[in-house]
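Below: the structure, in structure tokens.
Number of protein chains: 2
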Amino acid sequence: MATIKYYLREGLLQPGRRITATLAEYDEEHLRRLRLVRALIQVGRLPVNSAREVLAALHEEGLSRNRQLGTAVWALPHGPAPDDTDPATASARRTADELLERVGWSHGGEPPDAPDSPPYQMLVTAITTLTRLGYPCSAADLEPYARAMERIAVDDLNLVERYAPDEQVEVAVALTVLYEPVLMGLRRLAQARESHRRFEAD
Amino acid sequence: MATIKYYLREGLLQPGRRITATLAEYDEEHLRRLRLVRALIQVGRLPVNSAREVLAALHEEGLSRNRQLGTAVWALPHGPAPDDTDPATASARRTADELLERVGWSHGGEPPDAPDSPPYQMLVTAITTLTRLGYPCSAADLEPYARAMERIAVDDLNLVERYAPDEQVEVAVALTVLYEPVLMGLRRLAQARESHRRFEAD
DNA sequence: CATGCTTGGATAGTGGCACTCCCCTACCGG
DNA sequence: CCGGTAGGGGAGTGCCACTATCCAAGCATG
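Chains as they are written, first to last, in my numbering: chain B, 78 to 279; chain S, 78 to 279.
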């Protein structure tokens, strides 16, 4: 209850239609929005700030769906930016670029003037870190992962296309964020299974 | 610098070998550990507490690799537990079970006395949330995702098997945690690409 | 119409977490 | 011998997501 007021203050929920000076009315749509907000924050682990920006992107009128979605994804948390003072970052960028080359999505079709997109930054930062720790993450190592994510993105878009065009952006955002725990949970279950299969003897 | 002291206090790093009463010596191994800790926390977004537990599991002697890995994965954050007072949770459990049935890993080969594993809980909570919001997440919808994660787990274990047995648990943990941003970054890049391909007209 | 409960809005406070600062002692290099 | 630095303990800081308190304006009830 107090939390709802807090979200209202933070601009995550629209204020209700004013019925009198001090009374407002909330409808089914408000409730939906509230559930979405709580889901993004609690299940999708979005910080309140990011959630606000992401949801704001959904209400930008007059943008193409691609642009709306881009804006929303842009607002998702993406961890520390690559540290370009670190020479390891340069080499990580080369690895990332080689990977994108290999799988044939060099910078995702965005106009080439775009600076590093947040997902690309995530990738570079993670590769830098893995390399510094001596863990394998060459373009060849990463390629099967990229292929798997390519298939997942196809599935994602298939789900999105079940919806009416004016709902698709919200659905895409929700699925991007809320499927993350699903994917990570499934990955860990699959790892346990595969590890058991290989090291059963232990 | 102050951060290192903090990690020492928190038990994330082993104290250095005492050289005098007030002077300790840190070697290459300590440095490695420090880098690993920072990577898990900053890139892998682990809370300090979880990082401690995860790392502690690596030093449990006398357990099989599978058990060590299980303990470590158990300590990873897994979001809110399913709310069993909510009837939607029961239906989500059925969906999850059906999914695991379909892909043929019913509870990951763990002994059946195990309570809900954290990854299973993540799955159930996420399915509950998605269902409540009216987003698609039937077992049929989720199956391709599970298949993709199955392939990823195979790649994960392939990477792990490059290492000597006594390093494998640490590698597995590090790859589980540190590949998450890689996977999510790749997924978002692939989504952008696929969305562009489909909605180019916009 | 009086009364008491609820609602909405503003403001201030709480608890957790990840550091960060300060200070003191012991040491080491010059 | 002495200035600067590492180690260690404890207290403090800033941020974040809430949460509690107040107050005035309804509405509901007798």
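Note that beta-carbon positions come from the ideal geometry of N, C-alpha and C, so glycine has one too.
Closer than 8 Å to the CB of residue 229(B) there is at least one CB belonging to chain S. Under the Cβ distance rule, residue 262(B) counts among the residues neighbouring chain S, one pair being separated by less than 8 Å. Residue 268(B) and residue 146(S) have their alpha carbons spaced roughly 10 Å apart. When DSSP states are grouped into helix, strand and coil, residue 277(S) belongs to the coil group.
With 16 or more other Cβ atoms inside 10 Å of its own Cβ, residue 200(B) counts as buried. Rounded to the nearest angstrom, the gap between the Cα atoms of residue 213(S) and residue 252(B) is 9 Å. In this structure, DSSP gives residue 182(S) a state outside helix and strand, which the three-state scheme calls coil. For residue 158(B), no alpha helix (DSSP H) encloses it, and the DSSP letter there is neither H nor E.
Contact between residue 230(B) and residue 228(S) is ruled out by a C-beta separation of about 15 Å, above the 8 Å threshold. Shown here for residue 160(S): same chain residues with a beta carbon closer than 7 Å to its own, the five before and five after excluded, namely 166 in chain order. Of 126(S), 205(S), 233(S), 155(S), the smallest CA-CA separation from residue 270(B) is found for 233(S).
Chain-order list of chain S residues neighbouring residue 266(B): 182, 185, 196, 197, by C-beta distance under 7 Å. Residue 232(B) reaches chain S at 218, 221, 222, 225, counting residues in chain order whose Cβ is nearer than 9 Å.
In this structure residue 111(B) is not in contact with residue 131(B), their Cβ atoms being roughly 15 Å apart against a cut-off of 8 Å. Residue-level contact by beta carbon fails for residue 175(B) and chain S, as no gap is shorter than 8 Å.
Residue state for residue 78(S) is assigned as coil, using DSSP reduced to three classes. Within a 10 Å sphere around the beta-carbon of residue 198(B) sit 16 or more other beta-carbons, which makes this residue buried. Rounded to the nearest whole angstrom, the CA to CA distance from residue 87(B) to residue 126(B) is 8 Å. Secondary structure note for residue 134(S): its alpha helix (DSSP H) is the uninterrupted segment 125-135.
Interface with chain S (8 Å Cβ-Cβ cutoff): residue 105(B) is excluded.
Neighbours of residue 84(B) across chain S, judged by C-beta separation under 8 Å, do not exist; the nearest C-beta is about 16 Å away. DSSP, reduced to helix, strand and coil, places residue 141(S) outside both helices and strands of the structure shown, so it counts as coil.
Secondary structure at residue 213(B): coil, using DSSP grouped into helix, strand and coil. Note that the C-beta distance between residue 135(B) and residue 248(B) is not below 8 Å. At a cut-off of 8 Å between beta carbons, residue 138(B) makes no contact with chain S. Sorting 91(B), 194(B), 222(B), 207(B) by C-alpha distance to the C-alpha of residue 260(S) places 222(B) at the top. Your pair residue 89(B) and residue 122(B) does not check out as a contact, with CB atoms roughly 15 Å apart and the cut at 8 Å. Of all residues in the region 119-138 of chain B, the ones placed with a Cβ closer than 9 Å to any Cβ belonging to chain S are 119, 120, 121, 122, in chain order.
Against residue 257(S), the close residues of chain B are 261, in the order they occur along the chain (beta-carbon pairs closer than 7 Å).
Its Cα nearest to that of residue 113(S), the residue 211(B) stands out among 277(B), 258(B), 211(B). In this chain, the alpha helix (DSSP H) harbouring residue 114(S) covers 105-115.
Each residue's CA atom was taken as its position, placing residue 117(S) and residue 171(B) some 23 Å apart. For a Cβ distance threshold of 8 Å, residue set 264, 265, 268 of chain B lies close to residue 253(S), ordered along the chain.
Separation of residue 85(S) and residue 91(S) (C-alpha to C-alpha, rounded to the nearest whole angstrom) is 7 Å.
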